[in-house]
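Residue numbers (this note's numbering): 208 to 655.
The beta carbon of each residue, even a glycine, is placed where N, CA and C say it ideally should be.
Since we're looking at a predicted model, the values are computed, not measured.
Let me begin by presenting the structure, written as structure tokens, before commenting on it.
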Ligand SMILES: Cc1ncc(COP(=O)(O)O)c(C=O)c1O
């Protein structure tokens, strides 16, 4: 393939043939995963209860995780670069798990009343991320619904502004326009990082917009950071027009000790959180300014009644507190993100040296790979020809060589991602670009 006579469209066909070869190696190496998938299909649609973790021909059946590694049903060991889609900061740390389980065992799990555990976790999170008050729930999806519901109530307005290709959980998906299962909010969409266009949309809709919701770095959309000026414009417009600015930091709160908002220096009115903050158990939260959050105070007349059987569940509250106070401390957080910044730089250096237009985007410990020659400022910029083939081939190639990676090209580091893990991964990445780089470079100019 290194020859220059191959046309871009032929490169795509060549990549498809390479995918077929990797896929047949994958199927041959994973008969138990295949069998587990077929059995699961009997009672779950597509053998699946979480769309994100499906990929064809069948996903690996993961049996166990410990200290940054995962083990599948066929006995393979993987270095874990999925990190449970950012929830897995702790990398299944064995010592943390036994501490957490012992602590849960001392209390029981269903106590039917307030406990010291939620109060301790609330104090820890509020102090570290700079919120006046916080409210817990069970998932990131729920936290966004709660934040938007609060904004609609305090402003008395119905609408929300979100961004094309944003993902705010299963009830607020805007990847290809509003998702069919979305909550029926009145949503207006703009383009991420488009200052002038977004400003015009806000100005035309000040009477109806209750909230602007966005991630300060698009996560599922491809680890694309927002420009600080864009965030500042949203801050100014929200303040000027009685609109609640919500940062969805479900993924990004791990990117500095005070979240990505502290790193970029723009403060929203409300922040939603989730994922790793439950210490390995389900978690969601909304934190922010007291005058907004106090609307949930049930001792006050006219309070917004926010229930939830498991909002203060013992497992998440205890594990969340132990994880944050003993493992993902401010120092550990800073160190992990510095390691991610170095890895991203190395990925970009490797691609540049190979002359292949694969870019590593992101911030700190969250990275995404894109086959893309131009500047990436929003997800639509990454739809290059050959991009789908690149992601598919990369996924199968890495899985076949013991690196657990995501189908979307996202990499996340966890507290057990050592320099040794990163070096091993980069070695495989260099080999991947050696073998497929020329075809990928050609493919990008293909026409459909
Ligand atoms: C930015 C963002 N918001 C919200 C969610 C939803 O969180 P959960 O899956 O816990 O409902 C996700 C999940 O990936 C997310 O990435």
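For ligand 1, is there a heavy atom less than 8 Å away from the beta-carbon of residue i?
i: residue 478; result: no
i: residue 255; result: no
i: residue 572; result: no
i: residue 260; result: no
i: residue 457; result: yes
i: residue 389; result: no
i: residue 527; result: no
i: residue 482; result: yes
i: residue 515; result: no
i: residue 292; result: yes
i: residue 348; result: yes
i: residue 351; result: yes
i: residue 376; result: yes
i: residue 498; result: no
i: residue 272; result: no
i: residue 422; result: yes
i: residue 489; result: yes
So the beta strand (DSSP E) residue i belongs to, where does it begin and stop?
i: residue 569; result: 565-570
i: residue 496; result: Run containing residue 496: none; DSSP gives neither H nor E here.
i: residue 454; result: 451-455
i: residue 378; result: Taken as a continuous stretch (DSSP letters only), residue 378 belongs to no beta strand (DSSP E), as it is neither H nor E.
i: residue 417; result: 416-421
Using a Cβ-based criterion (distance less than 8 Å to any ligand heavy atom), does residue i qualify as near ligand 3?
i: residue 426; result: Of the ligands one can find in the structure shown, namely ligand 1, none is ligand 3.
Taking the DSSP output, what are the residues bridged to residue i?
i: residue 394; result: 367
i: residue 263; result: Paired residues: none, contrary to the question.
i: residue 251; result: Partner(s): none; residue 251 has no beta bridge.
i: residue 344; result: 491
i: residue 577; result: 566
i: residue 278; result: 271 and 284
i: residue 611; result: 287
Check the C-beta distance from residue i over to residue j and give it rounded, since I have them as a contact under 8 Å.
i: residue 444; j: residue 420; result: That pair is no contact at about 14 Å.
i: residue 492; j: residue 341; result: 5 Å
i: residue 366; j: residue 405; result: Not a contact, Cβ separation roughly 14 Å.
i: residue 567; j: residue 551; result: 5 Å
i: residue 428; j: residue 483; result: With 8 Å as the limit, residue 428 and residue 483 do not qualify as a contact, their Cβ atoms being about 20 Å apart.
i: residue 530; j: residue 297; result: 6 Å
i: residue 620; j: residue 534; result: About 14 Å; that fails the 8 Å criterion.
i: residue 502; j: residue 360; result: 7 Å
i: residue 511; j: residue 357; result: 7 Å
i: residue 254; j: residue 244; result: 5 Å
Please list the terminal residues of the continuous alpha helix (DSSP H) segment that includes residue i.
i: residue 549; result: 537-561
i: residue 466; result: 466-471
query = Is the stretch 312-326 touching the stretch 467-481, taking contact as three or more C-beta pairs under 8 Å?
reply = no
inquiry  = I'd like to know if the stretch 606-620 and the stretch 563-581 are in contact, where contact means that at least 3 CB-CB pairs between them fall below 8 Å.
reply    = yes
Inter-stretch contact (C-beta, 8 Å, three-pair minimum) for the stretch 455-469 and the stretch 594-613 = no
inquiry  = When you compare the stretch 411-427 with the stretch 364-380, are there three or more beta-carbon pairs, one atom per stretch, that lie closer than 8 Å?
reply    = yes
inquiry  = If contact is defined by three or more beta carbon pairs under 8 Å, each pair taking one atom from either stretch, is the stretch 517-528 in contact with the stretch 331-345?
reply    = Counting Cβ pairs under 8 Å, three or more are found: they touch.
key: Cβ pair count under 8 Å reaching 3, the stretch 622-639 against the stretch 276-290   = yes
key: At least three beta-carbon pairs within less than 8 Å, the stretch 228-235 to the stretch 601-611   = Between the stretch 228-235 and the stretch 601-611, the count of Cβ pairs shorter than 8 Å is three or higher; the stretches touch.
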